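Peer 1:
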Amino acid sequence: MFKELDPILHSQLRLAIMSLLISVKEAEFTFIKEKTGATAGNLSVQVQKLKEVNYIDVEKKFVDNYPQTTCKITEIGIAAFEAYVKALQQYLKV
Amino acid sequence: MNNEKQLSQQESLRLITEMIQKAKGSHFHENGTSAILWGAVVGFCGIMSFAQYTWKFSIGFDVWILTFLALIPQIFIAIKEKKNKIVKTHEQAVLDAVWVVYGISIFAVIIYMNTVPNASVELLAKDHIQLLKKDTLTGEVKPWKPFVLSATSILMIIYAFPTLVTGLARKFKPMIIGGIFCYGFFMASLFTSSVYDALLSGFAGICNWFIPGIILRNRYNKAKKALHV
């Protein structure tokens, strides 16, 4: 029986964000924006969605009067990502 | 990137691979400023010390003081580099921990080098011993401060190094605390005789490895039980 793919992760931008964050310890919003090529507004909405389900931690601070947003994947996020990849492997019989 | 696009399973897998590759290829590159700074300062101090010993002259102050002055630009460099970093990898987190603990250890060795001679004189005085040195040419006798190697103290710095690095890199508090305690025992060992150094070494082993090990074992057993429930 195939596992259902996590609807939170099964979206292009959210999956791209999670794939980036699983590879690093933490990354700034600007880094994610540059790598995904998404608009700031769209990225902001998707980051918020991932934060709401506790897949990522978001820390906002001011550095030299400029806002700086740092994102970091959580334990829950890692587990969800691993489960998603396993489910994908089942579908693709990898 | 369009968020609403429906992904096929193949597209999902491709996207994951692509993003992981992008993250891998974009690590922050050190510009080498710190390495140049410390290489130049330590290189200069070493060569200048050699020159003073060899050609018998003095510049009027201990040249190694420059290494303390180099800490000032280092602080500014570190702050600037931290500001410019937009991503931190797991590897960088471990390397940061290695350099922080290296800094602490160097500081500990400097304290060791400056404390041991005076502490040795005091410990010997308690046993009613004073070491003297005699100039065989003039016959002049002067008190002598021996540099007695305290191998146990040095070992405690080496004990603490990997524990503190692991604790900082993994954010595992028992190892951070164990490592800090180990440096504390090292400090105490500078003022104690070798008998008490051995005791402190035992305490270091308990704080550094035994207690964190017990905590790790409990966590492991809990995780194992949870898997089998």
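Line by line, the protein sequences give chains A and B. Each residue of the first sequence is one higher than the one before, starting from 1 at the first, in this note's numbering. Each residue of the second sequence is one higher than the one before, starting from 95 at the first, in this note's numbering. Don't be surprised by glycine CBs; every beta carbon is placed ideally from N, CA and C. All figures in this text were calculated on a predicted structure; none of them were measured in a lab.
1) Can you find at least 3 beta carbon pairs, one from the region 16–30 of chain A and one from the region 101–115 of chain B, that sit closer than 8 Å?
2) Quick check: the Cα distance between B:C276 and B:T209, rounded to an integer number of angstroms?
3) Is B:L226 near B:W238, with beta carbons less than 8 Å apart?
4) Would you mind stating whether B:L294 and B:F279 have Cβ atoms separated by less than 8 Å?
5) Does the Cβ-Cβ distance between A:T36 and A:L13 come in under 8 Å?
6) Round the Cβ separation of B:S288 and B:T246 to the nearest angstrom and send it over; I've been treating them as touching at under 8 Å.
7) Can at least three beta-carbon pairs, one atom from the region 215–230 of chain B and one from the region 160–171 of chain B, be found at a separation below 8 Å?
8) Among residues of its own chain, excluding the 5 on either side of B:S152, which ones have a beta-carbon nearer than 8 Å to its beta-carbon?
9) Please report the straight-line C-alpha distance between B:I130 and B:I171, rounded to a whole angstrom.
10) Near B:V188, which residues of its chain fall below 8 Å by C-beta distance, leaving aside the five closest residues on each side in sequence?
11) Taking the alpha carbon of B:W132 as the reference point, which residue from B:I270, B:V203 and B:G197 has its own alpha carbon closest?
12) Starting from the beta carbon of A:Y55, find every residue of chain B whose beta carbon is closer than 7 Å, and list them in chain order.
13) Tell me the DSSP secondary structure of A:D57 in three-state form.
14) Would you report the Cα separation of A:A38 and B:T127, rounded to the nearest angstrom?
15) Counting only the same chain and skipping the five closest in sequence on each side, list residues whose C-beta sits under 8 Å from that of B:I309.
16) Between the Cα of A:E75 and the Cα atoms of A:N54, A:Q90 and A:D64, which residue gives the shortest distance?
17) So, A:A16 versus B:L109, is the Cβ gap smaller than 8 Å?
18) To the nearest angstrom, how far is the alpha carbon of A:L5 from that of A:L88?
19) In the structure shown, what three-state DSSP assignment does B:K319 receive?
20) Let's see if you can read the secondary structure: which residues bound the beta strand (DSSP E) around B:V235?
21) Quick check on the burial criterion: 16 or more other C-beta atoms within 10 angstroms. Buried or exposed for B:T230?
22) Distance check for B:G273 and B:I180, CA to CA, integer angstroms please.
23) In chain A, which residues lie with their C-beta within 8 Å of the C-beta of B:V181?
24) Just reading off the alpha helix (DSSP H) that A:E4 is part of, what are its end residues?
25) For the beta strand (DSSP E) that contains A:K72, what are its first and last residues?
26) Quick one: what's got a C-beta closer than 6 Å to B:F297's C-beta in the same chain, skipping five residues either side?
27) Against chain A, with Cβ distances strictly below 8 Å, would B:L101 count as a contact?
28) Check each candidate in B:S283, B:T257 and B:I271 and name the one with the smallest Cα separation from B:V242.
29) Verify the CB distance criterion: does A:V63 have a CB-CB separation below 8 Å to chain B?
30) Which residue from B:K316, B:I251, B:K319 and B:I205 puts its Cα closest to that of B:V195?
31) Just to confirm, are A:T70 and A:E52 a CB contact at a threshold of 8 Å?
32) In the DSSP output, what is A:V63 paired with across the bridge?
33) Chain A partners of B:L118, CB-CB under 8 Å?
Peer 2: Looking at the coordinates:
1) Verdict: yes, contact present.
2) Straight-line Cα distance between these residues: approximately 18 Å.
3) The Cβ-Cβ distance between B:L226 and B:W238 falls below 8 Å.
4) Closer than 8 Å, so yes.
5) Judged by beta-carbon spacing, A:L13 lies within the 8 Å limit of A:T36, meaning their Cβ atoms are closer than that value.
6) Correct: roughly 7 Å between the Cβ atoms.
7) With a cut-off of 8 Å, the region 160–171 of chain B and the region 215–230 of chain B do not count as touching, because too few Cβ pairs lie within range.
8) Once the five neighbours on either side are set aside, the close Cβ partners of B:S152 are Q146.
9) When rounded, the distance between both Cα atoms is 12 Å.
10) So the qualifying residues of the chain are V259 and A263.
11) Residue B:G197 is the option with its Cα nearest to B:W132.
12) When 7 Å is used as the limit between beta carbons, A:Y55 is near no residue of chain B, the shortest such separation being about 15 Å.
13) Strand, per DSSP.
14) Looking at the backbone, the Cα of A:A38 and that of B:T127 are separated by about 34 Å.
15) Contacts found: P268.
16) The option with the nearest alpha carbon to A:E75 is A:N54.
17) Taking 8 Å as the cut-off, the beta carbon of A:A16 is found closer than this to the beta carbon of B:L109.
18) Straight through space, the alpha carbons of A:L88 and A:L5 are spaced by roughly 8 Å.
19) In the displayed model, B:K319 falls within a helix according to three-state DSSP.
20) Element bounds for B:V235: V235 to P237.
21) Within 10 angstroms of the beta-carbon of B:T230 lie fewer than 16 other beta-carbons, which makes it exposed.
22) Spanning the two alpha carbons is a distance of roughly 30 Å.
23) Within chain A, the residues placing a beta-carbon under 8 Å from that of B:V181 are V24, E26, A27, E28 and F31, ordered along the chain.
24) Careful: A:E4 lies outside any alpha helix (DSSP H) and carries neither H nor E.
25) DSSP places A:K72 in the uninterrupted beta strand (DSSP E) bounded by Y66 to I73.
26) Counting only Cβ-Cβ distances below 6 Å, and skipping sequence neighbours, we find F279.
27) Residue contact check for B:L101 against chain A: a CB pair falls below 8 Å.
28) Across the set B:S283, B:T257 and B:I271, the C-alpha of B:S283 shows the shortest separation from the C-alpha of B:V242.
29) Flagged as an interface residue toward chain B: A:V63, by a C-beta distance shorter than 8 Å.
30) Ranking the options by Cα distance to B:V195, first place goes to B:I251.
31) In this structure, the beta-carbon distance from A:T70 to A:E52 does not fall below 8 Å.
32) In the DSSP output, where bridge partners are listed per residue, A:V63 has A:Y66.
33) For the record, residue 118 of chain B in the displayed sequence is Lys; it is not Leu. Correct list: S23.
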